[in-house]
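Okay, so the sequence shown: first residue is 1 according to my numbering, each after it adds one. What follows is a short report on a single structure.
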Amino acid sequence: MVRGRSLVWHSQLPSWVTVINDSTILTAVIQNHISAVAGREALNEDGSMRSSIFYNVLGEAFITVAFEAARAADPFAKLYINDFNLDRINAKVKGLVALVTRINSGATRFIDGIGSDLHLVVRFP
Numbered sequence: 001m002v003r004g005r006s007l008v009w010h011s012q013l014p015s016w017v018t019v020i021n022d023s024t025i026l027t028a029v030i031q032n033h034i035s036a037v038a039g040r041e042a043l044n045e046d047g048s049m050r051s052s053i054f055y056n057v058l059g060e061a062f063i064t065v066a067f068e069a070a071r072a073a074d075p076f077a078k079l080y081i082n083d084f085n086l087d088r089i090n091a092k093v094k095g096l097v098a099l100v101t102r103i104n105s106g107a108t109r110f111i112d113g114i115g116s117d118l119h120l121v122v123r124f125p
């Protein structure tokens, strides 16, 4: 089973997006949105936390804040932390496993699993 996230969706859009009539502007909005969303993973390749407004203000606690909010929204959902470049044992995998272990070390288990972004290729050159 594979679960994915939609980067462009037809509903639940900000009102300012729904009134764009210019194809060049809408193309730029799509490209900027996907670039921003795809770049929001929490860890750098060396396993350290990525610099972001969330990390810079809240530190590592922003992960717990996000998972607490998700758990409150749906107590029965399976919650996964997701990142890319996790297809082999490397510093990023080790950093992510250590992060999940720290966050889940208390009485409450916030993160149910680790998800991996990847691109599957059917044919190779």
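Glycine residues also receive a C-beta, built at the ideal position from the N, C-alpha and C atoms. The model shown is predicted, which means the values in this text are computed figures rather than measured ones.
In terms of alpha-carbon separation, which member of the options lies closest to residue i?
i	options	result
ASN44	ASN85, ASN104, PRO14 and ASP117	ASN85
ALA42	ASN56, HIS33 and ARG71	ASN56
GLY106	VAL122, GLN12, THR64 and THR18	THR64
LEU143	ILE30, ASP22, SER23 and THR24	Given a span of 1 to 125 for the chain in the structure shown, any question on residue 143 remains unanswerable.
ALA61	ASN104, LYS78 and THR27	ASN104
ARG71	ILE20, THR108, GLY59 and ASN21	THR108
ILE89	TRP9, THR27, SER11 and SER116	SER116
According to DSSP, is residue i helix, strand or coil?
i	result
ILE111	coil
LEU43	strand
ASN85	coil
Apart from the five residues on each side of it in sequence, which residues of its chain come closer than 6 Å, Cβ to Cβ, to residue i?
i	result
VAL93	LEU86
Which residues in the same chain as residue i place their Cβ atom closer than 7 Å to its Cβ, once the five residues preceding and following it in sequence are excluded?
i	result
LEU120	none
GLU68	PHE110
VAL17	VAL29
MET49	ALA42, LEU43, TYR55 and GLU60
Whose C-beta lies closer than 8 Å to the C-beta of residue i among residues of the same chain, with five residues either side of it excluded?
i	result
ILE114	TYR80, ILE81, ASN82, ASP83, LEU86, LEU96, VAL97 and VAL100
VAL2	Confidence at VAL2 is low in this model, with a pLDDT of 49, below 50, so its placement is unreliable and the value that follows should be read with caution. Excluding residues within five positions, none has a Cβ falling inside 8 Å.
ASP46	ALA91, LYS92 and GLY95
LYS78	ASP112 and GLY113
Would you check if the segment 81-96 and the segment 19-37 touch, i.e. whether three or more CB-CB distances between them fall below 8 Å?
-> no
For the segment 5-35, list the beta strand (DSSP E) runs that are entirely contained and at least 3 residues long, ordered along the chain.
-> none
Pick out the complete beta strand (DSSP E) segments inside the segment 55-101, 3 residues or longer, and give them in chain order.
-> 80-84
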